[in-house]
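Worksheet: one structure, shown below.
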Amino acid sequence: MSNAFFEIREPENESYNSYAPGTPEREELREEINRLKNQEIQIPAIIGGKEVKTDRQEDVVMPHNHSHKLGTVHLCGQKEVDMAIEAALEARKQWADMPWEERASIYLKAADLVTGPYRYTMNASTMLGQSKTPHQSEIEAVGEFADFLRFNAYYLQEIYEKQPYSPEGMWNRMEYRPLEGFVFAVTPFNFTAIAGNLPLAPALCGNVSLWKPATSSIYSSYFIMKVLKEAGMPDGVINFLPGSGADVGDPVIKSEHLSGLHFTGSTNTFQYLWKSIAENIEKYNTYPRIVGETGGKDFIFAHESADVDAVVIAAIRAAYEYQGQKCSAASRMYIPDSIWDEFRDKFLDEVKDVNYGDVEDFTNFMGAVIDQKAFDNITSYIDYVKESDDGEILYGGNYDDSEGYFVEPTLVLAHDPKFKTMEEEIFGPVLTVYVYEDEKFEETLELCDNTSPYALTGAIFAQERYALKKMADYLRQAAGNFYINDKPTAAIVNQQPFGGARKSGTNDKAGSAANLMRWISVRSIKETTVPAKDWTYPYMDEE
Ligand SMILES: NC(=O)c1ccc[n+]([C@@H]2O[C@H](COP(=O)([O-])OP(=O)(O)OC[C@H]3O[C@@H](n4cnc5c(N)ncnc54)[C@H](O)[C@@H]3O)[C@@H](O)[C@H]2O)c1
Ligand SMILES: N[C@@H](CCC=O)C(=O)O
298 MSNAFFEIRE PENESYNSYA PGTPEREELR EEINRLKNQE IQIPAIIGGK EVKTDRQEDV
358 VMPHNHSHKL GTVHLCGQKE VDMAIEAALE ARKQWADMPW EERASIYLKA ADLVTGPYRY
418 TMNASTMLGQ SKTPHQSEIE AVGEFADFLR FNAYYLQEIY EKQPYSPEGM WNRMEYRPLE
478 GFVFAVTPFN FTAIAGNLPL APALCGNVSL WKPATSSIYS SYFIMKVLKE AGMPDGVINF
538 LPGSGADVGD PVIKSEHLSG LHFTGSTNTF QYLWKSIAEN IEKYNTYPRI VGETGGKDFI
598 FAHESADVDA VVIAAIRAAY EYQGQKCSAA SRMYIPDSIW DEFRDKFLDE VKDVNYGDVE
658 DFTNFMGAVI DQKAFDNITS YIDYVKESDD GEILYGGNYD DSEGYFVEPT LVLAHDPKFK
718 TMEEEIFGPV LTVYVYEDEK FEETLELCDN TSPYALTGAI FAQERYALKK MADYLRQAAG
778 NFYINDKPTA AIVNQQPFGG ARKSGTNDKA GSAANLMRWI SVRSIKETTV PAKDWTYPYM
838 DEE
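Under the working numbering, think of the first position of the sequence shown as 298, with each following residue one higher.
Here it is in structure tokens:
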């Protein structure tokens, strides 16, 4: 137990390396890329701190050069899940009782490892394994990940400080207990920072986690486990279980000890997991907390007064950075006909310079999409547009998976505002634009609000303040992260807490105190200093 109130100072967001020509970081990153590329590693499960190899394995390859093998991952099933549950519950006995500042200090150290000695490893492994450019990798695998670690520790301190009122004669207290059991963290391929945050946020609050990383981003996930080991994370607090969703997920969901699901990924998978939990509800010792951040059909809506240059740049960055594989990526746009010609000409003039290819070529703005399944799905939408009368390709539309899973940045013009590519999440570099008549401004805002079942991110562009106000009002429920005169991507921890509602998730805002509260079960304690000695009340006295 601690004998003082220790204090974490308010962190600042991590600053990013530019990797511009001539900078020392550019050379260091290249060296690390070469070091990693020229070795093949084994990626085992990590259960109770021990590396566990299994008899089912898969190659780990680079999306932009799929014949290049980075390693071999060992896949888990029921047996490893059972081992992990046992190890987690054993670890919980000590971890849940650990003073919070001891837990927090592991996180602060992990953040300094990520931004210090592991910086280039985090960046290079994310570049190679997930096909990110140096910038896209730096802002999240280094910057956002470190921000999650530092700010969550700070938010936890703020939560613990909140205590109830105590009138005379009693001392009221709130004890912020971890949940009973373990939390199941299921992570997506597209953000290394999210992969790290989902098992770590519950663990910071004293919980233990079973972590099922996405197999397609397993390479950088494994380095997260290395960082945690070096930071002093005790064995069994985070158990790393690579494997297919069903092989790992189904046995985990059936455990009576499941106390929470921390999920980020597609809406379909989240709904499947939620239903499975509901089906098993009678089994559990406690009602599992369910937190899920899922898909999006994020929009940019421009008014006739919009600054067209700003809209063009926002559209290119938001639609094509990281190949459109951000849940926040802009994938539908609404442009008034009075500025359409100007927008189209400027957009086409800029987009022709957007290079894509091997991320080791630092002149590229985009790499490859994550795997064959994603490639097939994205290109099926492009083929659909090519064959449809209700939409046409204005730019791009080419693709090639012979060496890497490359899809050209693509712009689609929809003649129907409910065209398939205006409604469905594609999760690739495909942006669809609908041109509306200026006088149908409000009607089109309504369309934007109800065209897709999602409500994750959205951006509005206008110079006229009344127009901005109207747009913000109509679209109040259309996005959990809403941007005015800026692109709808690149939320920063402690600046724009992230998450959306409707079919985009439970909106518990990753990297915030609200999220941490989901992993806490409060015990209210009332201690009376001088207990009552008489059971009667004054109104009962005889007159
Ligand atoms: N809202 C957000 O904050 C956010 C952030 C990142 C990604 N996303 C969304 O994630 C999706 C892309 O990621 P993805 O392709 O990795 O998603 P996905 O749903 O295919 O996979 C996510 C994770 O779920 C696992 N999974 C699949 N079936 C499972 C099962 N039956 N049991 C347990 N686990 C199972 C996968 O193996 C993976 O680890 C997109 O829809 C994107 O919008 C949302
Ligand atoms: N935090 C990221 C999105 C995460 C989802 O993929 C952003 O704001 O662009």
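Note that the Cβ used here is the ideal one computed from N, Cα and C, for glycine as well.
Whole-Å CB distance - residue i paired with residue j, under 8 Å assumed
{"i": "alanine 759", "j": "serine 635", "result": "That belief does not hold up - the Cβ atoms of alanine 759 and serine 635 are roughly 13 Å apart, past 8 Å."}
{"i": "isoleucine 491", "j": "tryptophan 508", "result": "So it is not a contact: roughly 12 Å between Cβ atoms."}
{"i": "isoleucine 305", "j": "glutamate 657", "result": "At roughly 38 Å, the Cβ-Cβ gap does not stay under 8 Å, so isoleucine 305 and glutamate 657 are not in contact."}
{"i": "phenylalanine 672", "j": "tyrosine 702", "result": "4 Å"}
{"i": "glycine 755", "j": "leucine 772", "result": "6 Å"}
{"i": "methionine 471", "j": "serine 821", "result": "6 Å"}
{"i": "phenylalanine 724", "j": "glutamine 792", "result": "The pair is not a contact, with the Cβ atoms about 25 Å apart (cut-off 8 Å)."}
{"i": "leucine 367", "j": "valine 378", "result": "Not really, about 26 Å apart at Cβ, beyond 8 Å."}
{"i": "threonine 748", "j": "methionine 719", "result": "6 Å"}
{"i": "tryptophan 468", "j": "glutamate 824", "result": "5 Å"}
{"i": "histidine 600", "j": "alanine 764", "result": "4 Å"}
Beta-bridge partners of residue i, as assigned by DSSP
{"i": "isoleucine 690", "result": "Val709"}
{"i": "isoleucine 597", "result": "Met630 and Ala756"}
{"i": "histidine 371", "result": "Gln354"}
{"i": "valine 483", "result": "Lys509 and Phe560"}
{"i": "arginine 470", "result": "Ile822"}
{"i": "arginine 799", "result": "Tyr751"}
{"i": "asparagine 536", "result": "Leu507"}
{"i": "threonine 729", "result": "Arg629 and Val709"}
{"i": "valine 704", "result": "Tyr696"}
{"i": "tyrosine 516", "result": "DSSP output for tyrosine 516 lists no bridge partner at all."}
{"i": "alanine 245", "result": "The structure shown does not extend to residue 245, since the chain is modelled only from 298 to 840, so the question has no answer here."}
{"i": "tyrosine 653", "result": "Met663"}
Buried versus exposed, by CB contacts within 10 Å (16 or more), residue i
{"i": "serine 364", "result": "exposed"}
{"i": "lysine 715", "result": "exposed"}
{"i": "proline 706", "result": "buried"}
{"i": "phenylalanine 466", "result": "Checking the sequence, you will find glycine at residue 466 rather than phenylalanine. When all chains shown are included, glycine 466 counts as exposed."}
{"i": "tryptophan 392", "result": "buried"}
{"i": "isoleucine 578", "result": "exposed"}
{"i": "proline 360", "result": "buried"}
{"i": "glutamine 774", "result": "exposed"}
{"i": "tyrosine 462", "result": "exposed"}
{"i": "leucine 476", "result": "buried"}
{"i": "phenylalanine 302", "result": "exposed"}
{"i": "arginine 353", "result": "exposed"}
{"i": "threonine 833", "result": "exposed"}
{"i": "glutamine 257", "result": "One cannot answer for residue 257 here, as it falls past the ends of the chain, which runs 298 to 840."}
{"i": "alanine 711", "result": "buried"}
{"i": "tyrosine 316", "result": "buried"}
Residue i - DSSP class collapsed to helix/strand/coil
{"i": "proline 496", "result": "helix"}
{"i": "isoleucine 574", "result": "helix"}
{"i": "glutamine 336", "result": "coil"}
{"i": "threonine 826", "result": "coil"}
{"i": "leucine 476", "result": "coil"}
{"i": "alanine 776", "result": "coil"}
{"i": "alanine 273", "result": "As shown, the chain starts at 298 and ends at 840. That puts residue 273 outside it, with no answer to give."}
{"i": "isoleucine 366", "result": "In the sequence as displayed, the identity of residue 366 is lysine instead of isoleucine. Reduced to three states, the DSSP call for lysine 366 is strand."}
{"i": "alanine 528", "result": "helix"}
{"i": "glycine 621", "result": "helix"}
{"i": "alanine 787", "result": "coil"}
{"i": "alanine 342", "result": "strand"}
{"i": "tryptophan 586", "result": "Checking the displayed sequence, the identity of residue 586 turns out to be arginine instead of tryptophan. Looking at arginine 586 - three-state DSSP - the assignment turns out to be strand."}
{"i": "lysine 876", "result": "As shown, the chain starts at 298 and ends at 840. That puts residue 876 outside it, with no answer to give."}
{"i": "tyrosine 836", "result": "helix"}
{"i": "methionine 719", "result": "helix"}
{"i": "valine 666", "result": "coil"}
{"i": "aspartate 697", "result": "strand"}
{"i": "tyrosine 457", "result": "helix"}
{"i": "alanine 393", "result": "coil"}
{"i": "valine 648", "result": "helix"}
{"i": "valine 609", "result": "helix"}
{"i": "isoleucine 491", "result": "helix"}
{"i": "isoleucine 781", "result": "strand"}
{"i": "isoleucine 330", "result": "helix"}
{"i": "isoleucine 550", "result": "helix"}
Contact with chain C by residue i, beta-carbon distance below 8 Å
{"i": "lysine 717", "result": "Of the protein chains in this structure there is only one, and it is not chain C."}
When the Cβ atoms of the region 584–594 are set against those of the region 551–565, are three or more pairs found closer than 8 Å? Yes: at least three Cβ pairs fall under 8 Å.
How do the region 562–580 and the region 361–379 stand: do at least 3 beta-carbon pairs fall below 8 Å, yes or no? Segments in contact, no.
Is it true that the region 401–408 meets the region 447–463, where meeting means three or more beta-carbon pairs spaced less than 8 Å apart? Yes, the region 401–408 is in contact with the region 447–463.
Whether or not the region 418–426 and the region 606–615 are in contact is what I'm after, with contact meaning three or more pairs of Cβ atoms, one per stretch, closer than 8 Å; do they touch? Counting C-beta pairs with one atom in each stretch, the region 606–615 and the region 418–426 have fewer than three that are closer than 8 Å, which means they do not touch.
Would you check if there are 3 or more beta carbon pairs closer than 8 Å linking the region 381–399 to the region 426–443? Segments in contact, no.
Does the region 493–503 come close enough to the region 642–655 to have 3 or more Cβ pairs within less than 8 Å? No, the region 493–503 does not touch the region 642–655.
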